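**Student:**
Chains as they are written, first to last, in full-length UniProt numbering: chain A, 1 to 459; chain B, 1 to 459.
1. Roughly how far, in whole angstroms, is the beta-carbon of residue 225(A) from the beta-carbon of residue 368(A), given that I think they are within contact range, below 8 Å?
2. Terminal residues of the continuous alpha helix (DSSP H) containing residue 397(B)?
3. Just mark residue 469(B) as buried or exposed, buried being the case when its beta carbon has 16 or more other beta carbons within 10 Å.
4. For the alpha helix (DSSP H) containing residue 223(A), name the first residue and the last one.
5. Closer than 8 Å between beta carbons: that is the criterion. Which residues of the region 158-179 of chain A meet it against chain B?
6. For residue 106(B), count neighbouring C-beta atoms within 10 Å of its own C-beta (all shown protein chains included) and say buried if the count is 16 or more, exposed if not.
7. Three or more beta-carbon pairs under 8 Å between the region 228-245 of chain A and the region 133-151 of chain A, yes or no?
8. Who are the near neighbours of residue 420(A) in its chain, counting only those whose CB is closer than 6 Å to its CB and skipping five residues on each side?
9. Interface residues of chain A around residue 421(B) at Cβ under 8 Å?
10. Cα separation between residue 265(B) and residue 313(B)?
11. For residue 315(B), tell me which candidate among 426(B), 34(B), 59(B) and 273(B) has the shortest Cα-Cα distance.
12. Smallest Cα separation from residue 187(B): which of 447(A), 449(A) and 412(A)?
13. Given a threshold of 16 other Cβ atoms within 10 Å of its Cβ, counted over all protein chains shown, does residue 440(A) qualify as buried or as exposed?
14. Strictly by DSSP, which residues pair up with residue 321(B)?
15. Let me check understanding here. Comparing Cα to Cα, which of 97(A), 340(A) and 375(A) lies closest to residue 477(A)?
16. Can you tell me where the beta strand (DSSP E) holding residue 108(A) begins and where it ends?
17. Which residues of chain B have a Cβ atom closer than 7 Å to the Cβ of residue 32(A), listed in chain order?
18. Mind listing the chain B neighbours of residue 431(A)? Cutoff is C-beta to C-beta under 8 Å, in chain order.
19. Interface residues of chain A around residue 410(B) at Cβ under 7 Å?
20. I'd like to know if residue 373(A) contacts chain B, where contact means its C-beta is closer than 8 Å to some C-beta of that chain.
21. Quick one: which chain A residues come within Cβ less than 9 Å of residue 414(B)?
22. Helix, strand or coil for residue 251(A)? Go by DSSP, reduced to three states.
23. Look at the Cβ atom of residue 457(A), then the Cβ atom of residue 170(A), and state whether they are nearer than 8 Å.
24. With 8 Å set as the bound, which would you pick, yes or no: does the beta-carbon of residue 189(A) sit closer than that to a beta-carbon of chain B?
25. If residue 231(A) sits next to residue 288(A), beta carbons under 8 Å apart, how far is it from one beta carbon to the other, in whole angstroms?
26. Bridge partners of residue 90(A), per DSSP?
27. Relative to the alpha-carbon of residue 353(B), which residue among 398(B), 388(B) and 326(B) has its alpha-carbon at the smallest distance?
28. Would you call residue 98(A) buried or exposed, if buried means 16 or more other Cβ atoms sit within 10 Å of its Cβ?
29. Would you say residue 152(B) faces chain A, with C-beta separation under 8 Å as the test?
30. What's the C-alpha gap between residue 320(A) and residue 268(A)?
31. For residue 437(B), which residues of its own chain have a beta-carbon under 7 Å away from its beta-carbon, when the five flanking residues on both sides are left out?
32. Measure the CB-CB distance between residue 112(B) and residue 95(B) and report whether it falls below 8 Å.
33. Does the beta carbon of residue 217(B) come closer than 8 Å to any beta carbon on chain D?
34. For the beta strand (DSSP E) containing residue 335(B), name the first residue and the last one.
35. What residues in the region 428-452 of chain A have a beta carbon less than 9 Å from any beta carbon of chain B?
36. Cβ of residue 51(A) within 8 Å of Cβ of residue 159(B)?
In C-alpha cells:
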C-alpha cells in the first residue's frame, strides 16, 4: 500500500528534503543483514527532533501508514524491514549525547547515537557503557531489541542498563518512562515494557542509560579445548563457581577456521573460549588464575593472553567480525542465525545437540556463543535461492528453539522476534501471547507501529 | 458492596472452610501497618493451588467482586486493603519452596513463602536470596510491590531478581511470564510488567527467582558522623568511588535514640551509617579499609565492627526493627512513611531538606535510608485522630515527593503506590499514566483486581 498523497504531502511539508520516496533511499532502507527479504519501504524520513517524530506519528496514525524505526540496520530478524510497506523512520540524525551525569553514573542520549560513539565521548570520564552486541548498533535499536552481547554475563543486558526512555506513542503523544532514580516502585514498569518491544508500541526518542566504572585492570585470553563438550562444560563450571567473568565467549572449530582464513590468526582449528576479566589488579589476577585452573580440568590448553589494550581490541574486533568472517567461508551465502538461550545446566547438551543436528542436515553452521549466560548462535550458511537448503536451515533453527523451550529456555536470547521468531512465540509463551496482543492493541489500536512484527496473531 | 450470594455460594463450594465471612477473619485482613484505614473485606479465602486461585478469579470476574491479594500484611500504602470491599485472597497457604535448581542458581517458590523461610531452606546450598525489605514479607507480596531494601545497592531489587512468574489473570486464565534462561528477547517483558503491579493486573501464583552465592566473607560495622549532611555526603562519595557496598544504611539521631531506648544499644545520639561488605576475604578487607578512609574524610568516627555472625544478625535485626522502635518513641502513634529515591548527587540536599521540613512542621519523623541507591524514608509519627497532625505529615510527605520529582527522582523507591502515592502519580509520570491506565483496562476490563490502587483515574 503506497503512502496516501495527503500523508506524503504532510510529511514533505514537515520535513522537506528529509522525507524521501526515491528508489535509492528506499532501497537503502530495505536491506537486511540476514536471510530475510522484503520489498523496500514506500518512503523514508530522517527526523531531527522528538517533536518531529511526534508529528510524523500523528500523520501516520491519521492516515494508517505503517511506521518502522530504523537505526543502523543490523537487526537479524527483519525488525526494521517494512514488510507491510509504509514509512521507515531513520533515527541516525538524532545521534547526540545529550548529558553525561558522571556523578550519578548516567547519560542521556538520542536513539541514533551508537554504542561506540557514546563510549568515545565517555572516555575521559572514567565511565563506560558496557552493553556490546558486536555490531556498532544504535542505542535506540539496542533498546528496542533488548540487545545484549559479550559483556551481559557481567553487566547485564539493555533491560538492566536502560533506566528511562522518552517514547513517542502511536498517535504522536510523547511520554517519559522511568526516572533518574536508581530504582522505583511507582507503578507499572513501562521502561521494561518498551525495552524489547521492537518498535511495536512506540518510537524511542531518548534514552537514560546506566554507566559503569571503567575497570582498573583488564585481562583477556584465548584458550583451546579438545572438544566442544569440554569447552562448554568448562563454561558451566566457571559460572557455577562464581568467578565474575566479564566475558566468556565460545567459538567452534568452523569459526576458528574463518578467523585463520580471514582474520590472519593461526589458531588450532578446534573449539576455543575467549575470556576477559575486569576489576582491581589483585582480583583480576586471582580470577584469571582460578579460571586457568578450571580450564585445565576440562582439557584447556594454549592460553594466549592479550596483554596490551591494542591486543585486546584486536581480539574483540576479530570476535565481533565473526559474523562476516563466517559468511566469507562460503562466498555469496547469507545466514539463518539461531539465538537460543538455556539455563546453564542445560548448555552443554543444547550445544552438542545443535552441532549434531547441523551435521546431520549436511549444513555448514559455525557456532559462537555468549555462553556465560547460556546464549549461543549457529550461523547457518545458505545460498540465496536454494529453497531446499533454506528449509533445512530453518528446520534446524526450529528444532534448536523447540529444544530450548523444552528445558525452560528461550527462542531468542538477544536478537529479538521480528518476523523470524514470530511463529515460535506461542510455543514459548502459551496464552501469555494473548496478553502481549492485548497490550499491543491497547497502545496501538490502528496497528501502525511496525505492524506484523513480534506479536503473533496480530496484524 | 457485599459479595453476591451466588458468588459466595460458588466460593464456599470450591473452598469449604477456606472461604470465610466471619468478622474475626475479615478484621484480621483489614489491618494496616501504617496510617491507612479502611473497612475490612467482605470475605477472605485461603487458596492452596493455582487452580483454586484461577477458579476464584473466574467466580469474582463473573460477579464483579473485587479481588485483593494478601501476603504478610506488611505493605505500607494500603496495597492489601479492600478499600472497595470484596474478597481478600490470603496466599500464605501457598508457601512451598517448589524446586531449588542450585546449578542454575534459581529457585521456584509459591507466593506465600517468606524470604526468611526461603533462606532457611537454602542454607545448605551455598546460595541465598538477597532481597531484604526488613519485614519477613512473602515473596509474592515483595514481587507485587517491587520491593527492595538494605541489599539492593549490591544485588538489585525484585525487578532484577524475579526471572519469571506464573500469574492468574482477571478472568481466571493462567499464564507464565518469562523462562528459566538468564535473559530473553522473546517479546514484551511481562515479568517486569507484573512485578510492581500490586495485584492490579493479575495474582502471582508462582515465582522463579535468581539466587546468589553466599559471600565467602562478611563484615559489618556501625560508624557515627557529626552531622546528617556529612553522613549522607559520605554515602554519595562511597558509591561514586565504586566500593561495592553490600549494604549502606543511614539512620538519624532519632532512630539512634529509639535503638538506645528500645533495643538496648548505647550509641552516640547522632547520625550513623550501618555498612556491610561481602566477598572474598581479601576484597572485603580492602573494601572495608577504603570505606574507613572515606568515612574519616567526612568526620566518621567510632567504628564498631560486628565480627561474629551473631553480632551481625543482631545488628540487622535492630535495623529491621527500626520501624517498630521508632513507633515506640511515641506510644500510641502510627506513621506516615515517606519513600522518595533520588539520583545520588541529589541525596544530601534531599535528606537535608526533608529534615528541615519535618522540623519546621513541628513533627517527629525519624529518618532511615537505603541510601546507597538514593532511597530514604521519614517515618512521621502521628497520633490517630489528630487530623491537623496527619495533615501536616502528609504535607511534608507531598513536598518530599515533589522535591524528588523536581530532581528526576521517584515518589516511591520501594514501598509502592497503593492508595497513598496514587495522587502523586500524574505529577511524576505525566501522560505515561494514561498508558498505565490503558494497560490496566486491557488486562482487567471489569476492574476486579485490587481496584482503586496504583493507577490514578481508573476505578
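Virtual Cβ for every residue (Gly too), placed ideally from N, Cα, C. No experiment lies behind these values; they were computed from the predicted model shown.
**Tutor:** Straight from the coordinates:
1. Locating residue 225(A) in the first chain gives position 225, counting from the first residue. Locating residue 368(A) in the first chain gives position 368, counting from the first residue. The Cβ separation is near 14 Å, so there is no contact.
2. Counting from one through the second chain, the residue named residue 397(B) turns up at place 397. Where residue 397(B) is concerned, the enclosing alpha helix (DSSP H) stretches over 387-406.
3. Here chain B comprises residues numbered 1 to 459, so residue 469(B) is not present and cannot be evaluated.
4. The count along the first chain starts at 1 and reaches residue 223(A) at position 223. Here residue 223(A) belongs to no alpha helix (DSSP H); instead the beta strand (DSSP E) covers 217-224.
5. Per Cβ criterion, the list reads 159, 160, 169, 173, 174, 175, 176, 177 and 179.
6. Residue numbering aside, residue 106(B) sits at position 106 when the second chain is read from its first letter. Per the 10 Å Cβ criterion, buried.
7. Look at the beta carbons and you see the region 228-245 of chain A not touching the region 133-151 of chain A: under three pairs across the two are nearer than 8 Å.
8. If you number the first chain from 1, residue 420(A) lands on position 420. In chain order, 77 place their CB closer than 6 Å to the CB of residue 420(A), counting only its own chain and leaving out the 5 sequence neighbours on each side.
9. For the purposes of this step, residue 421(B) is identified with residue 421 of the second chain, where counting begins at 1. Neighbours of residue 421(B) on chain A, chain order: 186.
10. Counting from 1 along the second chain, the entry for residue 265(B) is found at position 265. Counting from 1 along the second chain, the entry for residue 313(B) is found at position 313. Rounded to the nearest angstrom, the gap between the Cα atoms of residue 265(B) and residue 313(B) is 14 Å.
11. Here residue 315(B) refers to the residue found at position 315 when the second chain is read from its first residue. Residue 315(B) has its Cα closest to that of 273(B), out of 426(B), 34(B), 59(B) and 273(B).
12. Numbered from its first residue, the second chain carries residue 187(B) at position 187. Comparing Cα-Cα distances from residue 187(B) to each of 447(A), 449(A) and 412(A), the minimum goes to 412(A).
13. Taking the first chain and counting its residues from 1, one reaches residue 440(A) at position 440. Burial of residue 440(A) is indicated by the presence of at least 16 other C-beta atoms within 10 angstroms of its C-beta.
14. Here the question's residue 321(B) lines up with position 321 in the second chain. Paired residue(s): none; residue 321(B) is not in a bridge.
15. As displayed, chain A neither begins before 1 nor continues past 459, which places residue 477(A) out of reach and without an answer.
16. On the first chain, position 108 is the one that residue 108(A) refers to. Where residue 108(A) is concerned, the enclosing beta strand (DSSP E) stretches over 106-109.
17. Reading the first chain from its first residue, position 32 is the one you call residue 32(A). At a C-beta separation below 7 Å, residue 32(A) has no neighbours in chain B, since its nearest C-beta there lies roughly 17 Å away.
18. By one-based count along the first chain, residue 431(A) stands at place 431. Within chain B, the residues near residue 431(A) are 173, 174 and 175.
19. Position 410 of the second chain holds residue 410(B). Per Cβ cutoff of 7 Å: 179, 181, 184 and 186.
20. In the first chain, counting from the first residue as 1, residue 373(A) sits at position 373. Interface flag for residue 373(A) against chain B is set, since a Cβ pair is found closer than 8 Å.
21. For the purposes of this step, residue 414(B) is identified with residue 414 of the second chain, where counting begins at 1. Within 9 Å Cβ-Cβ: 183, 184 and 185.
22. Within the first chain, residue 251(A) is the residue found at index 251, counting from 1. DSSP places residue 251(A) in strand when its eight states are reduced to three.
23. Along the first chain, read from residue 1 onward, the residue named residue 457(A) stands at position 457. Along the first chain, read from residue 1 onward, the residue named residue 170(A) stands at position 170. Taking 8 Å as the Cβ cut-off, residue 457(A) and residue 170(A) do not qualify as a contacting pair.
24. By one-based count along the first chain, residue 189(A) stands at place 189. Interface with chain B (8 Å Cβ-Cβ cutoff): residue 189(A) is included.
25. The residue labelled residue 231(A) in the question sits at position 231 within the first chain. The residue labelled residue 288(A) in the question sits at position 288 within the first chain. Not quite, the Cβ-Cβ distance comes to about 17 Å (not below 8 Å), so this is no contact.
26. Along the first chain, one-based indexing puts residue 90(A) at 90. Answer is 70(A), bridged to residue 90(A).
27. As a position in the second chain, residue 353(B) is number 353, starting the count at 1. Minimum Cα distance to residue 353(B) is reached at 398(B).
28. Residue numbering aside, residue 98(A) sits at position 98 when the first chain is read from its first letter. Under this definition residue 98(A) is an exposed residue.
29. Residue 152(B) sits at position 152 when you count from the first residue of the second chain. Cβ-Cβ to chain A under 8 Å: yes for residue 152(B).
30. Residue mapping note: residue 320(A) aligns to position 320 of the first chain, counting from 1. Residue mapping note: residue 268(A) aligns to position 268 of the first chain, counting from 1. Taking the CA atoms as reference points, residue 320(A) sits about 19 Å from residue 268(A).
31. Counting from 1 along the second chain, the entry for residue 437(B) is found at position 437. The beta carbon of residue 437(B) sits closer than 7 Å to those of 455, 457 and 458, all from its chain and outside the five residues before and after it, given in chain order.
32. Within the second chain, the letter at position 112 stands for residue 112(B). Within the second chain, the letter at position 95 stands for residue 95(B). Inclusion of residue 112(B) and residue 95(B) in the CB contact set at 8 Å is warranted, their separation being smaller than that value.
33. In the structure shown, chain D cannot be found, because the protein chains are A and B.
34. Numbered from its first residue, the second chain carries residue 335(B) at position 335. Run containing residue 335(B): 334-337, per the beta strand (DSSP E) assignment.
35. For the region 428-452 of chain A, which is checked against every Cβ of chain B, the residues closer than 9 Å are 428, 429, 430, 431, 432, 433, 434, 435, 436, 438, 439, 440, 441, 442 and 443.
36. Locating residue 51(A) in the first chain gives position 51, where the first residue counts as 1. Locating residue 159(B) in the second chain gives position 159, where the first residue counts as 1. No. Outside cutoff.
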